[in-house]
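Everything on this sheet refers to the single structure shown next.
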Amino acid sequence: MRNLKTAVMMTIVLTILTGLVYPLVIAGIAQALFPLQANGSLIERNGQVVGSSLIGQDFSGPAYFHSRPSAAGDKGYDASASGGSNLGPTNKTLIEAVKSRLKDVLEENPGITASQVPIDIVTSSGSGLDPEISLAAAQIQIARVARARGLSEDRVRDLVEQATRGRWGGILGEPGVNVLQLNIALDNIAPIPQKSGVKTANAAGS
Amino acid sequence: MAYPSERKPTPLWEPNIVRRAVIDAFAKLDPRVQARNPVMFVVEVTAAAVTGILAQNFLSARAAPLGFELQIALWLWFTVVFANFAEAMAEGRGKAQADNLRKTRTETQATLLRDGHEISVPATSLRRNDVVIVRAGDIIPGDGEVVEGVAAVNEAAVTGESAPVIRESGGDRSAVTGGTIVISDWIKVKITANPGETFLDRMISLVEGAQRQKTPNEIALSILLAGLTIIFMLVCVSLYPFGLYAHTPLSLPVEVSLLVCLIPTTIGGLLSAIGIAGMDRLVQHNVLAMSGRAVEAAGDVDTLLLDKTGTITLGNRMATEFIALPGIAPQELADAAQLASLADETPEGRSIVVLSKNQYNLRGRELAQKDAEFIPFSAQTRMSGVNINGRRIRKGATDMVTRFVVEAGGTVPPELTAIVERIARTGGTPLMVADGGRALGVIHLKDVIKEGIKERFARLRAMGLKTVMITGDNPLTAAAIASESGVDDFRAEATPETKLRLIREEQAEGKLVAMIGDGTNDAPALAQADVGIAMNAGTQAAREAGNMIDLDSNPTKIMEVVEIGKQLLITRGALTTFSIANDVAKYFAIIPAMFVLGYPELQALNIMHLATPQSAILSAVIFNALIIVALIPLALRGVAYRPLGAAAILTRNLLIYGLGGVIVPFIGIKLIDLAVTALHLV
Amino acid sequence: MLSNAILQVGLFIGLVTVISVPLGLYMARVFADQGTFLDPVLKPVERAVYRLCGVDPEVEMEWPQYAIAMLLFSLVGMLALYGFERLQQLLPLNPQHLGPLAPDLAFNTAASFTTNTNWQAYAGETTMSYLTQMMGLAYHNFVSAATGIAVAIAVIRGFVRRTSRTIGNFWVDLTRAILWVLMPLCVVLALLLVWQGVPQNFNPYVHAKTLEGGIQVIAEGPVASQEIIKELGTNGGGFFNANSAHPYENPTPLTDLIELVAIFAIGAALTHTFGRMAGDWRQGAALYVVMTILFLAGASTAIWAEQHGNPNFTKMGISQTATATQSGGNMEGKEVRFGIVDSALWATVTTDTSCGAVNSMHDSYTPLGGFIPLLNMQIGEIIFGGVGSGLFGMLVMAVLSVFIAGLMVGRTPEYLGKKIEAREMKLAMLYVLIFPAVILLPAGIAIVTKAGLAGITNPGPHGFSQVLYAFSEAGANNGSAFAGLNANTPFYNWTLASSMLLGRFMMMIPALAMAGSLAGKKAVPPSAGTFPTNGSAFVILLIGVILIVAALTFFPADALGPIVEHFAMLNGKLY
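Heads up: the protein sequence lines correspond to chains U, Y and R, in order. For reference, each letter of the first sequence is one residue, going -18 to 187 in the numbering used here. For reference, each letter of the second sequence is one residue, going 40 to 721 in the numbering used here. For reference, each letter of the third sequence is one residue, going 6 to 580 in the numbering used here.
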């Protein structure tokens, strides 16, 4: 009985300590020291939040670099329903999906052969919110984006390089290109010509 | 009768024993017998189940692959029979020993003393506290204690040693063993054990394995084996639904084959044989143990207590040198010393006579013709000697002889002290010699270390055992002997209580202690020690206090006992490791075969390239059964033991039994598969 | 590519080694109350906790009392979490107005977090209010880890004490584990994570207008504080559904490294705590080496398998070879910033321990790559392991190894001078038995019943792997998943919760009982004849026994899952 009373009291005391005091203290310090990060690394354009530099977005138009396929939510890149496809390596569904994505990539980017297509651009990420693509995945899209925006390929290549994050400290992780930041940079220097057909984007801008 | 020649190990495949073991192996199929061994019980139950299904299929004339299933059923039964055979072999060999031990007693007649009358009764009817008289030529009818008389006894029946020993009432040589023969004089013996309770009886039942109780380590090991068996049952039970998902319904014979191959049948089948064989080996070394527990404890011993006398040294000090004082001819000293010792029948006295003869060619003289008066040693005077032709020659403790010289009007030169100290420092005993008022010199008496004892201690040290020498000598002498013999530690000026105290101290540190003792005053220490070996020639009190008896009364025997204990445990560990390691190969044989229908891809795991699924499963089952037979010699003889440090032994045995246990079945199963295929068995 | 892999793995395990030694020695001081630099700050807090809860820190407990205190505390905590989940709609800090959880899901989650499993049959961002996350889930992240540490310390005491009846005071060990070990590390590391981009706020979900004009709802919350304790306490329950693959939980390769090291840190340090308490650092180091070797073997296999990729993709001509511009390998379910090496490394680390957090989706791994996490769990989470549970699990395996092969040195087996006898064997076998029982039997039921089969989302052997993985993680209290399995059903919620509870407490109790039994024994001082448990022969033996016990128990099941799928994949067979 004494033990039970102690157990209940311990639970209450430790709940307050670890469940309330601790996160609030961290939040207080974090908001003071790193307000941008603590609030989700959000990116604003014209006072409107357009996303988070950490959270990937879906891009379908030819003038934007495309993100990886996503299994988050029903339509992909649902940042309130993260997750992967969870398809196994011998699952027909997966193999078929990759096959059709490859077909799309090759169609969207004429002149590119299958052997140039890196694996990440045809497979979905674990979070479904991967903000990055590999350098190779960006490179095969340069020609298309340049054409759609009327820019030289070199100019676009420069932008890709600017959006590229190397290995951390030259060692950790893999290099990647932040798609949202790259596309914002593109929009900043060369807004999409009217005929590109991304009406929603224009609507948002007007 | 057990003469030394018969105490040699029985040949492994002695035809009589094998014949009896084969019969016993089938008799032991009785489920009540098997239930004592959970692993083999499971095999028997599954064998019965498969047989049942087979019979049912046969009766209902269903077209099942009868040949394959029949063979599986047969080999499952063989597995049980082989394990039984191993146990029966061990018991048979034990029985052969026991029969030898037992033969002595059956027809013995005893002469019982009751109310002053002598009555002839069969030995088997004697009870505790009966007193019997045994005359020259009679067999002593039971274990007992001499209460009156002195006799020479031939104990060859139990020790194999044909030289007679003296047994007399009182003192440390009063115990007699049933089955031995009085060869001179007579003794009255008080019987100390009821029939069936004598040491021999207990040993007989131990080596026969009849009422063998499991030892603590065996119990722990059985728990491990039972646990593994349950785990594998879980594995096999769950495999059935897994198989259904893989579109492969598994048949009972196949599931059972996997189960029996996985559970530790090798060690499970050989475990009791190993234990019985361990007791058997002990008997071969003329040691009787009260219980298997004591043998196991022997393997764990950390500290050995050894009496100096008889164990480390030859038992008696010997004269090694005559050191004359200045102005005295060595010859004169030797002559006086010899004269003083002529009547001295102690080994020390005789060694003085021998030394003077060897060094100065002085022949022993008859004292009687010279009108000599012999002065015996006494505790008060602490010297002995002879009065002859007016000379008063004395030898003895330095201080007493010095006083003798001074009283006789002489003086002792200062050099004496230096000589005495030098001898004492080297562990020797100085014995001063004087002729009336003339101090002649000093005899150097020395303990002689037994040959080879140093190597034995090194061997024990390598095994991690600490040896402690117990002696009544002064610390200086003790230290010298300790360093010469290589013993790890010593206790000087020890009393019987010292042993008891030492044992308790060591035990308080968590150590296990073994000792050998013979006297009544050793009894408390023998009882306290974890392994107490009483010498057969010792007192009844000592024999009752110990948990082993050394029939040879050989104090160095303790070392063999420790090695046998260790060998017993090593054999168990080695076969357990081997048994478990075997499973790896069996998986590779059986799993691909089991699921060949649902998942033909798994044939990639058939790295032995076994011919067909059926031959693969059958081969694994056959291997599993035959390996028991193949390992019977190892179980009965024990794994070769080498006195190395634990780390070295471990590495060695892990390689042999661990790695070997993984590899051997791959080869074995492949060979059997080749044979099975060649013979078109499936 | 290979050199970078070696560099990353080497850097990681090097960091773990460098951190674990001082941390381990620090913990030895903490639990022996020998004074630490944090005492001036924490002692008053500790005293206040004891006063409030009526704990007398001077009174030690025998093992049954210790076990009862631990069980009662876990029960109360489990009920509290169940309450939070069922009533969260009535409580504050619920800006998304999330409703109550269904009873079976609430029970499953309560069991899951109480047992340090942190299996999530739900998606955090769509199910749990901030309050439930903090006071319900994060609380358990702390206390289930602290409970594990406490039990491990008690078990160590049992192994090293001589002729003692008691093994410590649960309340004291628990409090100290939280105040001195978990809390200080969490505060420092959580802020590091925020610096790298992990959010820590109480804002409602953000509605962003995407570049292409869509609306993206971005989940927010107090992520950092929960993220770090989830790794440090080897809990693994993610704030978000995608767990540490989510860029908010694990935004950069640096946070990835910090989190990886946090997962191993305490488990690794406890080996040194053990060595210090046993008075022979080599005893602890031997266990550390065993764990490291098993870890390296697993990590290299997983990295190799994943880097090798899926031959089905190769056939389409897609490049899976690592180059300067792409990681190559099997990227399905993996993040670009982590590539193959950090993903496979994480998969190994999270299943060596009972963490279960993931930064990539194990369900989409190649068969062999996914086999490593599965096997790690089946080994029993003792490669550094769950905080605390890893150490006492390893100690039980050490006892078992010593018994099996220790006989081969010719003595009754002993560990740290304590004789291993029938009672210890009984408890060790109980410990070893529970494990397959709570994995194989329910998996057998699931795989042939309608309710069980309904959850499978990948056909063929991979579907079996999903079920086997689920029960393996539950029994091992891991919490990672072949996440495709639709496990939020009454069948899986109840069965998995049972496996978790049995797999936690039915293994803790034998471990404590063994500690109690050993504590009462005298210890034999070591000699040349005793089995050396601090040398290389023991290391090899222990590795052998661990692998053989796991392999013998799970090989048939694994053969029907990942192994057969591997050969099927090589043959180009699809399901």
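Ideal Cβ placement from N, Cα and C applies to all residues, glycine included.
- Note on geometry: alpha-carbon atoms of residue 192(R) and residue 235(R) lie some 13 angstroms from one another.
- Using a Cβ distance threshold of 7 angstroms, residue 542(Y) and residue 568(Y) count as a contacting pair.
- In chain R, no part has a C-beta under 9 angstroms from the C-beta of residue 527(Y); the shortest such distance is about 11 angstroms.
- Closer than 7 angstroms to the CB of residue 573(R) there is at least one CB belonging to chain U.
- For residue 471(Y), there are no C-beta contacts with chain R under 8 angstroms, since the nearest C-beta of that chain is about 44 angstroms from it.
- The C-alpha of residue 378(R) is placed about 6 angstroms away from the C-alpha of residue 353(R).
- Near chain R, meaning a CB-to-CB distance below 8 angstroms, no residue of the stretch 567 to 601 of chain Y qualifies.
- For the set 577(R), 573(R), 79(R), 579(R), the Cα lying nearest the Cα of residue 643(Y) is the one of 573(R).
- Here residue 464(Y) is exposed, its C-beta having fewer than 16 other C-beta atoms within 10 Å.
- For residue -16(U), the three-state secondary structure derived from DSSP is helix.
- Counting only Cβ-Cβ distances below 9 angstroms, residue 469(R) has contacts in chain Y at 281, 284, 285, in chain order.
- Secondary structure of residue 647(Y) (DSSP, three-state): coil.
- The residue from 155(R), 312(R), 227(R) with its alpha-carbon nearest to that of residue 350(R) is 312(R).
- Excluding residues up to 5 positions away in sequence, 653, 721 lie with their Cβ nearer than 6 angstroms to the Cβ of residue 107(Y) in the same chain.
- Minimum Cα-Cα distance from residue 155(U) among the listed residues 259(R), 145(R), 140(R), 161(R) corresponds to 259(R).
- Under the Cβ distance rule, residue 611(Y) counts among the residues neighbouring chain R, one pair being separated by less than 7 angstroms.
- Here the stretch 491 to 509 of chain Y lies against the stretch 526 to 533 of chain R, with 3 or more beta-carbon pairs under 8 angstroms apart.
- Counting of Cβ neighbours within 10 angstroms places residue 567(R) among the buried residues, the total reaching 16 or more.
- When the beta-carbon positions are compared, residue 246(R) and residue 129(R) come within less than 7 angstroms of each other.
- Residue state for residue 248(R) is assigned as helix, using DSSP reduced to three classes.
- If you check the CB distance, residue 498(R) and residue 361(R) do not come in under 7 angstroms.
- Beta bridge pairing from DSSP links residue 328(Y) with 587(Y).
- Taking 7 angstroms as the cut-off, the Cβ atoms of residue 659(Y) and residue 300(Y) count as close.
- Within the stretch 391 to 421 of chain R, those residues whose Cβ lies closer than 9 angstroms to any Cβ of chain Y are, in chain order, 405, 408, 409, 410, 411, 412, 413, 414, 415, 416, 417, 418, 419.
- Neighbours of residue 102(R) across chain U, judged by C-beta separation under 9 angstroms, do not exist; the nearest C-beta is about 13 angstroms away.
- When Cβ-Cβ separations below 7 angstroms define contact, residue 46(U) makes no contact with chain R.
- Residues of chain U with a Cβ closer than 8 angstroms to the Cβ of residue 176(R) are, in chain order, -13, -9.
- Taking 7 angstroms as the threshold, the shortest C-beta distance from residue 365(R) to chain U falls below it.
- The beta carbon of residue 43(R) sits closer than 7 angstroms to those of 185, 189, all from its chain and outside the five residues before and after it, given in chain order.
- Note on residue 450(Y): under 16 other CB atoms within 10 angstroms of its CB, so exposed under the neighbour-count rule.
- The beta carbons of residue 65(U) and residue 107(U) sit about 5 angstroms from each other, so the pair counts as a contact at 8 angstroms.
- For residue 477(Y), DSSP records a beta bridge to 450(Y), 474(Y).
- Contacts with chain R at 7 angstroms (Cβ-Cβ) include residue 154(U).
- Residue 89(Y) holds the alpha-carbon nearest to the alpha-carbon of residue 109(Y) among 125(Y), 122(Y), 89(Y), 126(Y).
- Among the residues facing chain Y, residue 431(R) is included, as its CB has a counterpart in that chain under 7 angstroms away.
- Scanning chain R for C-beta atoms nearer than 8 angstroms to the C-beta of residue 550(Y) yields 529, 530, reported in chain order.
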